[in-house]
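First the structure, in the form of C-alpha cells, and then the observations on it.
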Amino acid sequence: MFKKFKEWFSGSEEQPAILQYPETPVTIKGVSYVLKKAAEEDIPAMLAVERRIYQGQQPWDARAFHSELRRRDKALYLNVFHDQDLVAYIGSWFTPDEAHVTNLAVDPDWQSRGLGRFLMQLMIHRAAVYGASKMTLEVRVDNAPAISLYHSLGFQNGAIKPNYYLADHMDARNMILPIDPQEKEE
1 MFKKFKEWFS GSEEQPAILQ YPETPVTIKG VSYVLKKAAE EDIPAMLAVE
51 RRIYQGQQPW DARAFHSELR RRDKALYLNV FHDQDLVAYI GSWFTPDEAH
101 VTNLAVDPDW QSRGLGRFLM QLMIHRAAVY GASKMTLEVR VDNAPAISLY
151 HSLGFQNGAI KPNYYLADHM DARNMILPID PQEKEE
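If you count the sequence shown from 1, position 51 lands on 51 in this note's numbering, and the numbers rise without skipping.
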C-alpha cells in the first residue's frame, strides 16, 4: 500500500524504454543543437523560457514542472540546447491509447527555426512506437502560429474549452491527431 502511494506521489521508478532518451546531437535547418531529457536542474531555465514567451508570466510554476518530471512512468520531457542555453522544450504524457502534449515552448529568439516542428514530429513518432492511436493537445485560441503548425502536422480541431487558461481566462482549442499505425515503423 505504501509503495503504491509513494509511486503515485513521486512517480514510479520503473520507466518504459520509450520514455528514456539519451543525450543526442541534432541538426535542424543547418544549426547544431543538443537534445536531452529534461532534468530537475533544468527547471529554472524552463521557467525563464516561459517568462520570455509570456511577457513575464509563467503558465506553469516550478512545482508543476517538478511534478511532471517525477512522473517517470508516463511523462517524457525533452530539452533543446544551443551552446549550453535552453532554447526549446516539449513534454508529453503517454497512456496505452493516447499521447498528450502537455507543453511545447520555444524561446522567442529561436522561433521560426523549425524547433517546434522537430519536437512535435519527434513526439508523434514516439507516440506511434508506444502504440498510441491518437495524440491530443490544448492550444490558446489566439495562438495562430501554433495552430497553423499543428494543422500542418495533421491535427484536427476539437472542442473549445472555455476559460481554460487561469491567468487570463482565454479559451483553449483541443486538437487531435489520429496516429497512423504505419508511423510505428522505424
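Even for Gly, the Cβ is constructed at its ideal location relative to N, Cα and C.
Item                                                                                                                 : Value
7 Å CB neighbourhood of D97 in its chain, flanking five on each side removed                                         : A132 and S133
Environment of A39 [buried if 16+ CB atoms lie within 10 Å]                                                          : exposed
K161 Cβ short of 7 Å to the ligand MG heavy atom set                                                                 : In the structure shown, the ligand MG is absent, as is every other ligand, since no ligand is present at all.
Rounded distance between the beta-carbons of L149 and G116, thought under 8 Å                                        : 6 Å
Proximity of R140 and M170 at Cβ, strictly below 8 Å                                                                 : yes
Neighbourhood of I43 by C-beta distance below 6 Å, restricted to the same chain and skipping five residues each side : A62 and F65
H82, DSSP secondary structure in three states                                                                        : strand
Delimiting residues of the beta strand (DSSP E) encompassing M135                                                    : K134 to R140
Cα-Cα separation between A99 and T136, rounded to whole angstroms                                                    : 6 Å
Check whether R72 and L19 have beta carbons under 8 Å apart                                                          : yes
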